[in-house]
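Residue numbers (the working numbering): 134 to 861.
Read the structure below first, then the notes.
Structure representation (structure tokens):
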């Protein structure tokens, strides 16, 4: 009885604080301009167009004013600092990444706890000796410079590493020797690039030097492939391929292990690619291998002259084919691993085997085949979860794979490719319990009767009384699958009595190409219907109610949240659209947005405009409607989904929203779309999101977390030598 009274008192206190705090919000008055566009006879007002200029002083002042209101609101939530302390403690455990395998050593990233960025280490086989190779924390004082990619040369002498500043997609490639010597090479204006080694250099992709005023929002056009020889200036790099007649194509370079062939993958969107190749030993002209962009062709490696390709050509759920580059005609292509009922997600060559990862109802299965495509055996994974990558080398019998789940962090296992057995290589030790949490998978019917799967993560023994706080998460786009994955932040919600729900909605890749396509273009509403149906299922089956239901999604998932909260504002209490695509009429005019037309359609096509206009979040905010408590999140260096989407959306929402629910925006500085975000910023953002969510879902938070006791080295972004990671 005392416990019940205490919870009741805390709840009443929160309601009182919430009522007062929400009533006190004074939103900035955002200037409106007389901007109207005509789309096929339809006038569309765009009064906040001026906010698209991310470099103007006026926009900078607007950002400062909005952040001031949001920060004031969040600062008055009584447990904001306590949540930040708890999250910091939860975050502070050792984590390691998937190693790069080599006969001479392995290279891996490891974070001792809350270092802003993870340093890379080199370890020799059969020893416990671990040496620091590269520490990105030393590249900036605040941790906002991150490593976005590293690539080891085939002769093991060089390491090319790509850095990104403040979360931008613009990269810079640097080179060092694996003995630790840093070289002078610096390659700029790199974006959406691989590193494909050939001799004493590599092929890479870049754009021409950009106008700095439009660097974060200007359209990305005229991608090119160059060859850089180590030791040369970038000005001396050799142009290998360009096509000025196709400015909206991107190019990725691939070389075979023997460096005999260069393969170029061309893309015009986020799905489908063509292939061309040339024999580097004879330096003949490029040969067109795949001419259309109708299917995916992902080159995963080669066996002599044969490239192994993962494709959905004549296989909705993907298959592996072998193409002999000495006889490249389609009539000579051979099927190595045929399509099955499960989605073939990835494949890797390791030892003398092909390790294939499938998705079965959005969870991983691992199977092994020989080079002729003959099935050998299944590799039984630790439990239901997701294989996050396999790292191996041809004819080398040690490989590694990363595996995680909703309640298990990214653990690394070493695979013997001869015996096909594995053992733990690195197992993370958490600072909080997950053994009292459980994961289930349920299936529900969408509006049109289509069966959709959803994962539910919560503490064991939860009562289905309709009063549990729920976070419903989704993505639903670009053939990207939402499989079990570990998130410290979201488990914090579960640890505090919440239910974390992940819906495998259409537009994703969980069930193959058709599942993806049925959530695109003139079928995009299926994605939103699936998500809304997930919420209705959770309410109908007594997991929660509308006053306890929060929704969250980022990027395309931000579009999902924006569309659902404007279509069904009554269904949700809290909405967190993160770095979202929210202006569906103009997304293709910025940076790489033109590549998304295959998923979304375009406002320049009449039929597609009429469809898009009906769900575009920005254009479907109605005056006088009470919308959920909304915290839009974005960042000033997001050049993937430019912050103008979020700026215009929140301005329109603040203008038209009726009711006491807060509608705010959190605009991070020196941050981008999400990749490379330093740990300190990730914790701050998570603390603000959960403070806002707990407060508006009326979740009593009375946990006391000691102020984090963080290793001095970690706190100062210095690097201490990690515990030994044995290599046998």
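C-beta: ideal position from N, C-alpha, C; glycine also.
All of these numbers come straight from a predicted model, not from anything done at the bench.
Here the segment 627-634 does not lie against the segment 653-664, with fewer than 3 beta-carbon pairs under 8 Å apart. Proximity of the segment 187-203 to the segment 159-177 meets the contact definition, three or more beta-carbon pairs being nearer than 8 Å.
Within the segment 228-311, the complete beta strand (DSSP E) segments at least 3 residues long are 239-244, 253-256, 263-267, 278-285, 291-298 and 304-310, listed from N- to C-terminus. For residue 741, the three-state secondary structure derived from DSSP is helix.
The segment 212-226 and the segment 785-793 do not touch, with fewer than three beta-carbon pairs separated by less than 8 Å. If you check the CB distance, residue 599 and residue 676 come in under 9 Å.
Nearest neighbour of residue 739 by Cα position, chosen from 236, 174, 205 and 703, turns out to be 174. For residue 175, there is no enclosing alpha helix (DSSP H); the enclosing beta strand (DSSP E) has its first and last residue at 175-178. Taken atom to atom, the span from the alpha-carbon of residue 166 to that of residue 181 is near 6 Å. Taking 4 residues as the shortest admissible run, the segment 676-731 contains the following complete alpha helix (DSSP H) segments, listed from N- to C-terminal end: 689-700. In this model, residue 248 and residue 379 are separated by some 43 Å (Cα to Cα).
In chain order, 394, 410, 438 and 440 place their CB closer than 7 Å to the CB of residue 458, counting only its own chain and leaving out the 5 sequence neighbours on each side. Nearest to residue 496 by alpha-carbon distance, out of 537, 183 and 481, is 537.
Spatial neighbours of residue 553 in its own chain (CB-CB distance under 8 Å, excluding positions within 5 residues in sequence) are listed in chain order as 486, 501, 509, 510 and 512. Annotation for residue 392: no alpha helix (DSSP H) segment contains it, and DSSP assigns it neither H nor E.
Straight across, the Cα-Cα distance linking residue 679 with residue 713 is about 23 Å. Straight across, the Cα-Cα distance linking residue 229 with residue 176 is about 53 Å.
Counted as a single uninterrupted DSSP element, the stretch harbouring residue 413 is not any alpha helix (DSSP H), since DSSP gives it neither H nor E. For residue 519, the closest alpha carbon among the candidates 307, 285, 703 and 498 is that of 498. The three-state reading of DSSP puts residue 381 in coil, since its state is none of H, G, I, E or B.
Runs of the beta strand (DSSP E) spanning 3 or more residues and lying entirely within the segment 553-582 occur at 554-559 and 570-578, in chain order. C-alpha of residue 754 to C-alpha of residue 797: approximately 15 Å in a straight line. Closest in C-alpha terms to residue 302, from the list 779, 185 and 281, comes 281. Fewer than three pairs of CB atoms, one per stretch, sit closer than 8 Å, so the segment 612-621 makes no contact with the segment 797-813. The residues 712, 805 and 806, in chain order, have a CB closer than 6 Å to that of residue 771 in the same chain once the five nearest residues on each side in sequence are set aside. The continuous stretches of beta strand (DSSP E) do not include residue 614, and DSSP gives it neither H nor E. Straight across, the Cα-Cα distance linking residue 767 with residue 800 is about 5 Å. Counting C-beta atoms within 10 angstroms of its own C-beta, residue 430 has 16 or more neighbours from the protein chains shown and is therefore classed as buried. With fewer than 16 other Cβ atoms from the protein chains shown falling within 10 Å of its own Cβ, residue 237 counts as exposed. In this structure residue 572 is not in contact with residue 585, their Cβ atoms being roughly 17 Å apart against a cut-off of 8 Å. Between residue 475 and the set 469, 460, 492 and 484, the nearest pair of CA atoms involves 492.
Beta bridge pairing from DSSP links residue 330 with 335.
In this structure, 208 is the residue among 208, 417 and 188 with its C-alpha nearest to the C-alpha of residue 817. Beta-bridge analysis with DSSP links residue 775 to no other residue. In this structure, residue 470 sits away from residue 456, with a CB-CB distance that is not shorter than 9 Å. Note on geometry: alpha-carbon atoms of residue 718 and residue 609 lie some 19 Å from one another.
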